[in-house]
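Residue numbers (our numbering), protein chains in the order written: chain A, 1 to 227; chain B, 1 to 212. Glycine is no exception: its CB is placed at the ideal position from the N, C-alpha and C atoms.
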Amino acid sequence: MHTNPLYNVFTTMLKRDLFFGMRRSSELANSLIFFLIVVTMFPFVLGTEPALLRDIYPGVIWVAALLSVTMSLDRMFNSDFEDGTLEQMLLSQHPTTFIVMAKVVAHWLLTGVPLIIASMFLGVIFGLSYESLQAILVTLLLGTPVLSLVGSAATALTVGLRGGAMLLPLIILPLYIPLLIFSVAAVNNASQGLGFTGEIYFISAILVLTITLAPFATVLSLRIRFG
Amino acid sequence: MNQQSIDNNSLFAENLSCFRNEQLLFKEINFNLSSGEVLQIEGTNGSGKTSLLRILCGLAIPEEGKVSWNNQDIQDTRSQYLQDMHYIGHANGIKAELTPIENLVVAQSLTNPIGDCSCRDALAQMEIEELADVPVRKLSSGQRRRVALSRLLISEARLWLVDEPFTSLDDGGRLLVKKMFETHASAGGLAVIVTHDPLELPNIPFKKITFN
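Structural data, given as structure tokens:
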């Protein structure tokens with residue numbers, strides 16, 4: 001096996017987290033079911049007027065996605081912290097940023113992707129137009145990685161803290177607001193037949209910014225927690 | 001072993017002190033360890049043995065003093081030090097959902113640049129080969145400890161830092177681990193072992209620090 005060791009550590013960690021996530025599939029199912037329940041609550045409260053549901057759907061989907069991702073973030077480092085594998089990662093001779101990136105990608109594949117698929121289904125059920133569905137798909141594809149990336153840095157700060165589970169949403173939800181604004185604006189524009197490339201550019205910029213900075217912030221936070 | 005085994009390595013701790021919760025755990029810890037030597041850190045519970053080991057592996061930073069590896073401060077030459085050192089903490093550092101083999105493959109990718117997979121050999125040496133594909137969740141705590149310790153065998157580290165290696169091991173396991181340390185030391189490796197049990201390794205140079 002003569003591969004690049006960095007590539008090797010990335011793929012091994014990714015596979016490990018995916019295996020691990022699959023073997024704890026009830027936790028994965030929990031955050032998806034939570035998402036579905038939150039979204040289906042709204043028609044009960046606000047009534048089943050199709051025009052109204054179409055209007056609120058983008059906001060509802062995004063808020064539910066934020067909450068569901070925030071719930072699932074706890075998984076990213078806490079179990080590794082408890083069984084001591086996180087220490088091993090920090091003491092690896094390979095850059096910790098690669099290991100963190102692998103964990104973020106795994107988190108996105110296990111939580112972000114199911115959310116995107118579920119949102120598409122729910123969008124059809126809520127009777128959204130083709131254009132709105134398209135906008136939701138694009139914003140979620142670009143936006144859910146941001147949720148995992150920013151989330152990793154915040155989770156790293158609270159890992160192993162008592163009451164960390166309560167602290168995490170307080171740290172993280174405000175950081176998600178810019179993404180939320182642009183995403184919902186994009187879908188609203190699309191539903192009125194307007195273009196939404198401007199918003200997409202902004203979301204892409206946020207994604208690029210978080211890809212470049214979040215892994216370093218995460219590693220630094222982990223070091224602080226351990227040092 | 002690679003050509004490093006002929007090199008002479010040294011671990012040097014200088015005037016280390018550590019506080020926890022505003023309380024002095026220890027101060028003025030000095031020792032010098034060179035190739036082929038094993039150091040035991042013994043002491044009562046809560047005396048700071050584990051904290052010292054965490055300082056030695058670079059996870060924690062001492063209040064005062066410094067740790068040097070081959071005469072260079074480990075904070076300055078961190079990446080080199082991490083290549084030469086392997087740490088087994090109090091927690092096993094293995095995932096209960098994965099099998100021992102899967103755990104070792106992950107550990108190997110974290111330590112060795114490109115390793116030829118000797119994971120099964122390592123498990124065989126710890127006499128748990130038949131458990132290689134059983135999820136760790138189903139293993140006893142002694143068996144888990146053996147899986148954790150077999151990580152030392154797949155790493156090519158010169159320096160082993162091990163926290164309570166004998167916890168929950170049976171007599172056979174203890175003997176295996178002692179033999180492992182002796183083989184490592186006679187091949188020119190270094191080891192720091194934290195344990196409150198009396199430890200005897202008669203065949204190799206052996207040092208001891210006692211905490212009270």
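Taking 8 Å as the cut-off, the beta carbon of R145(B) is found closer than this to the beta carbon of T167(B). Put simply, of D197(B), Q108(B), T111(B), A191(B) the residue whose alpha carbon is nearest the alpha carbon of F12(B) is A191(B). V194(B) is a Cβ neighbour of L53(B), given a cutoff of 8 Å.
Judged by their CB atoms, S51(B) and C18(B) are nearer to each other than the 8 Å cut-off. If you draw a straight line from the Cα of M101(A) to the Cα of S26(A), it comes to about 24 Å. Within the stretch 17–48 of chain B, contact with chain A at the beta-carbon level (separation under 9 Å) is assigned to no residue. Between K103(A) and M13(A), the CB-CB gap stays under 8 Å. For I61(B), the nearest beta carbon of chain A is closer than 8 Å to its own beta carbon. Rounded to the nearest angstrom, the Cβ distance from I154(B) to L104(B) is 6 Å, consistent with a contact under 8 Å. Distance between G58(B) and F34(A), taken at the CA atoms: about 41 Å. For A185(B) against I209(B), the beta-carbon gap comes to about 17 Å, at or over 8 Å, which does not count as contact. Following the DSSP letters along the chain, one finds M76(A) in no beta strand (DSSP E) but inside the alpha helix (DSSP H) bounded by residues 50–83.
DSSP places N212(B) in the coil class of the three-state scheme, outside both helix and strand.
Linking A106(A) to M76(A) through their CA atoms gives a straight-line distance of about 9 Å.
When the beta-carbon positions are compared, L209(A) and Y176(A) stay at least 8 Å from each other.
Uninterrupted alpha helix (DSSP H) stretches at least 4 residues long and entirely within the stretch 102–160 of chain A occur at 113–125, 130–158, given in chain order. Identification of residues in the stretch 61–77 of chain B having a C-beta nearer than 8 Å to some C-beta of chain A yields I61, given in sequence order. Chain B places a beta carbon closer than 8 Å to that of G84(A), counting this residue as a contact. A residue is called buried when at least 16 other Cβ atoms come within 10 angstroms of its Cβ; L222(A) meets this threshold and is buried.
Taking a beta-carbon distance threshold of 8 Å, E102(B) counts as an interface residue toward chain A.
With fewer than 16 other beta carbons inside 10 angstroms of its own, I117(A) counts as exposed. In the displayed model, E42(B) falls within a strand according to three-state DSSP. Out of V106(B), D133(B), A148(B), the CA that lies nearest to the CA of M126(B) is found in A148(B). Under the 10 Å beta carbon count, S119(A) is surrounded by 16 or more other beta carbons and is classified as buried.
Think of a sphere of 7 Å around the beta carbon of V159(A): no beta carbon from chain B falls inside it, the nearest being about 14 Å out.
Counting only Cβ-Cβ distances below 7 Å, C57(B) has contacts in chain A at L91, in chain order. Contact check for L115(A) against T144(A) passes: the beta carbons are separated by less than 8 Å. Against V9(A), the close residues of chain B are S109, L110, in the order they occur along the chain (beta-carbon pairs closer than 7 Å). Annotation for T111(B): S155 place their beta carbon closer than 6 Å to its own, counting only its chain and skipping 5 residues before and after.
Under the Cβ criterion (8 Å, minimum of three pairs), the stretch 79–97 of chain A does not count as touching the stretch 45–63 of chain A. By the neighbour-count criterion, in which 16 or more other beta carbons inside 10 Å mark a residue as buried, Q143(B) falls on the buried side.
When beta bridges are read from the DSSP output, M180(B) appears opposite no residue. Residue-level contact by beta carbon holds for T12(A) and chain B, with a gap shorter than 8 Å. A Cβ-Cβ distance of about 17 Å is found for the pair E37(B) and K179(B), leaving them out of contact under the 8 Å criterion.
By alpha-carbon distance to L66(A), the top candidate from T212(A), V150(A), A156(A) is V150(A). According to the DSSP assignment, D163(B) belongs to the beta strand (DSSP E) that extends over 159–163.
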